[in-house]
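Below is one structure, written out as structure tokens; comments come after it.
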Amino acid sequence: MGEDSHATTPEGEEQVSGRRRRMSRPFAGLTRRNVAGEVGAGVTLLAIAVPLNIGYAQIAGLPPTAGLYALVVPAIVFALVASSRQLVASPDAAASALVASSIGGLAVAGDADYATMALAQAIICAVVFILCAVFKLGFLASFLSKPVLVGFIAGLALDILVSQVAKMLGVSIDSSKEFVEKLAELGANLGETDAWSVGIAVVSILILVVGRRVARLVPWALVVLVTSTIAVVLLDLDGAGVDVLGEVPAGPPTLTWPVLDWTTWVALVPSAFALVLVTIAEGLLVARAYAERHGYRDAPNRDLLAFGLGNLAAGATGGYVVGASASRTAAMDLAGSRTQLPAVVAAVGTLLLLVFGTALLADIPSPAIGAVVAVAVVPLLGVREFAGLWRSARFEFAIAIACFAVTLFVGAIPGILVAFVLALVNLARRAARPSLDVLAEDDHPTDSLLDPAPAGAVTAPGVVVVRLGAPLFFANASSFSDAAKAAVEHAATPVRHLVLDCEAITDLDVTGAESLRGVQRWLDEHDVTLAYSRVRPSVRRLLDRFGLLDGVAVYDTNRAAVAGVAASD
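Written out as structure tokens, the structure is:
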């Protein structure tokens with residue numbers, strides 16, 4: 017009975033004494049039984065990722081090779097280092113839009129300086145990711161709430177859609193402009209709409225939407241690009257006015273390093289922080305969700321290191337910022353993948369395409385690329401999420417709308433700053449009014465002291481026991497002080513003793529200590545004694561440090577406190 021019992025999970029993970037032991041080796045979960053399925057999933061990932069990354073690179077204002085290079089070395093590095101077995105690391109729509117909006121104000125898309133800045137931005141992101149890993153900041157994944165992310169990403173998605181609609185219509189607009197300017201330019205140029213482009217886009221969307229319903233595992237994006245390219249070549253639609261991708265330079269990614277003046281590096285720092293924050297908030301949560309679903313452990317700080325090294329590889333091999341792709345991760349989960357092997361298979365396939373097959377990409381029609389990206393981006397608009405927030409939490413709906421509006425009409429960087437501020441406001445709003453209750457003799461709450469009109473309950477004759485359900489700190493110090501005084505003033509019978517149940521008080525800051533000291537003085541003036549019960553050792557040390565234990569009795573339980581203060585009368 018004293019020996020450890022061993023079992024094996026379906027994914028090949030050993031269990032010891034009922035606790036799963038995380039394997040640190042690369043490709044954890046890979047076995048002889050599932051290797052063929054993982055390779056097949058890698059082929060599916062290749063078929064999905066190539067067309068999307070070409071489109072995302074165009075969103076970012078970069079050549080198609082930047083998106084393809086990001087699928088090679090960065091993907092392999094991430095796969096070898098990450099703890100998550102399933103999270104797919106790749107440029108995504110939101111990150112690409114952030115790249116375009118941040119670098120677009122510093123250089124013109126297509127210039128050599130623009131591409132160099134994208135490399136530098138990836139390297140700055142790498143440094144930030146690595147610092148986050150070193151200082152164990154994986155907990156930041158929980159900081160940005162769902163409403164904040166929904167609003168921010170929806171703003172980016174709608175901005176992206178304008179450019180993709182222009183491609184599908186065959187209309188030329190300047191994608192580096194702000195949303196309102198792009199929308200106005202699109203409206204002004206609608207007379208240039210090309211019928212062939214619209215036809216290709218409509219058919220592509222129908223194939224993508226209907227195809228997913230019929231057979232989800234088929235790489236419909238690849239089907240769309242292949243069939244539309246064949247149509248362009250056979251019907252000579254390039255000559256009829258349909259825009260095509262054009263020549264893509266052949267060759268593998270090569271080592272490089274961005275050379276810029278220090279002021280440009282500094283100018284890229286804010287956008288790098290924004291990119292890292294979005295990846296942390298979305299990527300680590302996705303990784304955790306799949307780890308919990310399939311019964312293995314993830315290590316957020318190790319994944320941050322993997323993102324850091326992956327972005328360093330992207331900046332040094334001609335790619336651009338690598339984030340987390342929730343859609344591709346979901347596709348791999350649906351395909352049955354439970355390891356990082358598909359990322360390596362896709363990387364090898366992309367490398368072969370870059371070396372031997374770039375000529376196949378030249379005639380891909382832009383309307384088809386626009387359709388592929390648009391269909392991938394539409395879910396990011398978060399229509400269902402907005403509707404759910406409206407039904408269940410109007411204040412959080414307002415937060416989401418505010419982030420959406422600022423991101424769309426002001427810019428991505430102001431949007432993430434507003435997201436930060438609103439997250440803090442929401443946190444402070446909730447922290448400012450914690451649960452603060454009068455306890456009955458059986459320790460159960462009777463009345464909340466935060467109600468507009470306290471009912472005047474007492475715990476025992478002459479004794480009121482109150483419990484604060486949160487740390488006592490600057491955000492709730494004033495609420496606590498007012499509520500504690502109200503417990504005495506509005507009691508149904510005269511109160512001689514106030515007992516503070518400290519079970520849920522896990523921390524105490526200077527402002528909270530001052531508030532408690534003020535309550536002590538007020539109680540002394542009204543001939544009411546103060547006592548503490550169920551004080552955690554760490555909080556007791558803080559109370560002692562702030563001088564709040566002098567002359568105050570401390571009891572192990574509320575029953576002992578009630579009996580003790582009653583005996584002192």
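Residues in the sequence shown are numbered from 17 upward in steps of one, following this note's numbering. Beta carbons: idealized from backbone N, C-alpha and C, even for Gly. Because the structure is a prediction, the values reported are computed rather than measured.
Among 361, 156, 171 and 546, which has the Cα closest to the Cα of residue 95? 361
Assuming contact is defined by CB atoms lying nearer than 7 angstroms, are residue 547 and residue 529 in contact in what I supplied? no
Could you pull out every residue in the same chain whose Cβ sits closer than 8 angstroms to the Cβ of residue 578, ignoring the five residues on either side in sequence? 457, 475, 476, 479, 481 and 515
With a threshold of 16 other CB atoms inside 10 Å of the CB of residue 381, please say whether the residue is buried or exposed. buried
For residue 570, name the three-state secondary structure that DSSP assigns. strand
Boundaries (first-last residue) of the alpha helix (DSSP H) holding residue 72: 51-75
Within the chosen definition, does the segment 169-185 reach the segment 404-423 through at least 3 CB pairs nearer than 8 angstroms? yes
Consider the C-beta atom of residue 205 and the heavy atoms of the ligand PLP; say whether any pair is separated by less than 6 angstroms. Looking for the ligand PLP in the displayed structure turns up nothing, as the structure carries no ligands at all.
When the Cα of residue 346 is compared with those of 305, 115 and 425, which residue comes out closest? 305
What span of residues does the beta strand (DSSP E) with residue 306 cover, start to end? Run containing residue 306: none in the beta strand (DSSP E); it sits in the alpha helix (DSSP H), 301-310.
DSSP three-state call for residue 105: helix, strand or coil? strand
Considering Cα atoms alone, identify which of 426, 433, 492 and 500 is closest to residue 454. 500
On the premise that residue 336 lies in contact with residue 86, defined as a C-beta separation below 8 angstroms, what is that separation, rounded to the nearest angstrom? 6 angstroms
C-alpha gap between residue 20 and residue 222, whole angstroms: At residue 20 the pLDDT is 40, less than 50, meaning the model places this residue with poor confidence; the figure from the coordinates comes in the next sentence. Answer to the nearest angstrom: the Cα atoms are 56 angstroms apart.
Whole angstroms is fine: what's the gap from residue 211's alpha carbon to residue 227's? 24 angstroms
Quick one: what's residue 548 bridged to in DSSP? 516 and 570
Ignoring anything shorter than 3 residues, give me the beta strand (DSSP E) runs that lie fully in the segment 158-241, in order along the chain. none
Report yes or no: do the segment 128-138 and the segment 325-336 share at least 3 C-beta pairs separated by less than 8 angstroms? yes
Cβ pair residue 303, residue 103 closer than 7 angstroms: yes
Cut-off 6 angstroms between Cβ atoms - residues of its own chain near residue 191, not counting five sequence neighbours on either side: 179
Give the C-beta separation of residue 241 and residue 388 to the nearest angstrom, bearing in mind that I take them to be a contact with Cβ-Cβ under 8 angstroms. 7 angstroms
Does DSSP put residue 483 in a helix, in a strand, or in coil? strand
Under the three-state DSSP convention, the category residue 28 falls into: At residue 28 the pLDDT is 41, less than 50, meaning the model places this residue with poor confidence; the figure from the coordinates comes in the next sentence. Of the three classes helix, strand and coil, the one that applies to residue 28 here is coil, per DSSP.
Within a Cβ cutoff of 8 angstroms, which residues of the same chain sit near residue 238, ignoring the five residues on either side of it in sequence? 63, 64, 66 and 67
Any idea what DSSP makes of residue 381, helix, strand or coil? strand
Kindly indicate which three-state DSSP category residue 150 falls into: helix, strand or coil? helix
Does the segment 196-213 come close enough to the segment 438-445 that 3 or more CB-CB pairs lie under 8 angstroms? no
Span separating the alpha-carbon of residue 176 from that of residue 54: 32 angstroms
For residue 106, which option in 358, 536 and 563 has the closest C-alpha, if you only look at C-alpha atoms? 358
What does the alpha-carbon distance come out to for the pair residue 526 and residue 147? 29 angstroms
Among residues of its own chain, excluding the 5 on either side of residue 542, which ones have a beta-carbon nearer than 8 angstroms to its beta-carbon? 504
Which class does residue 404 belong to by DSSP, given the choice of helix, strand or coil? helix
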